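Trainee: I have a structure here, written as structure tokens, and I will follow up with some questions on it.
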Amino acid sequence: MLCGLLLLLAVALGTEVVALHRSQGPGAPKPAAPVVVRKAPHPHAPPKTVRPVKPHAKAPAIVLTPPSQSHKKAPTQ
Numbered sequence: 016m017l018c019g020l021l022l023l024l025a026v027a028l029g030t031e032v033v034a035l036h037r038s039q040g041p042g043a044p045k046p047a048a049p050v051v052v053r054k055a056p057h058p059h060a061p062p063k064t065v066r067p068v069k070p071h072a073k074a075p076a077i078v079l080t081p082p083s084q085s086h087k088k089a090p091t092q
């Protein structure tokens, strides 16, 4: 059991060494520039409150009448 743990430790250590060498090689991606986050000079405005809207005065109702039937002919018999 001790031999198995030592073998596992050796494999893990070897993997880490290979990963470190790959990240420092000539073809390795360059690290990104650090990002600086600055605090705003003034605090944000408080959120606006929501008020209920007063109902508008009712508009006059429009009554639609059907078109007159005077242009149609009476049925012939």
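Read the sequence shown against the numbering used here and you will find it ends at 92, with the numbers running on by one and no gaps. Ideal Cβ placement from N, Cα and C applies to all residues, glycine included. Predicted model, so just to flag it, every value in this text is computed and none were measured.
Would you tell me roughly how many angstroms separate the C-alpha atoms of ARG53 and PRO46, rounded to the nearest one?
Mentor: Locating residue 53 in the sequence shown gives position 38, where the first residue counts as 1. Locating residue 46 in the sequence shown gives position 31, where the first residue counts as 1. Answer to the nearest angstrom: the Cα atoms are 21 Å apart.
Trainee: Would DSSP call LEU79 helix, strand or coil?
Mentor: For the purposes of this step, residue 79 is taken as the residue at position 64 of the sequence shown. Correct three-state label for LEU79: coil.
Trainee: Does DSSP put THR64 in a helix, a strand or coil?
Mentor: Locating residue 64 in the sequence shown gives position 49, counting from the first residue. Three-state result, THR64: coil.
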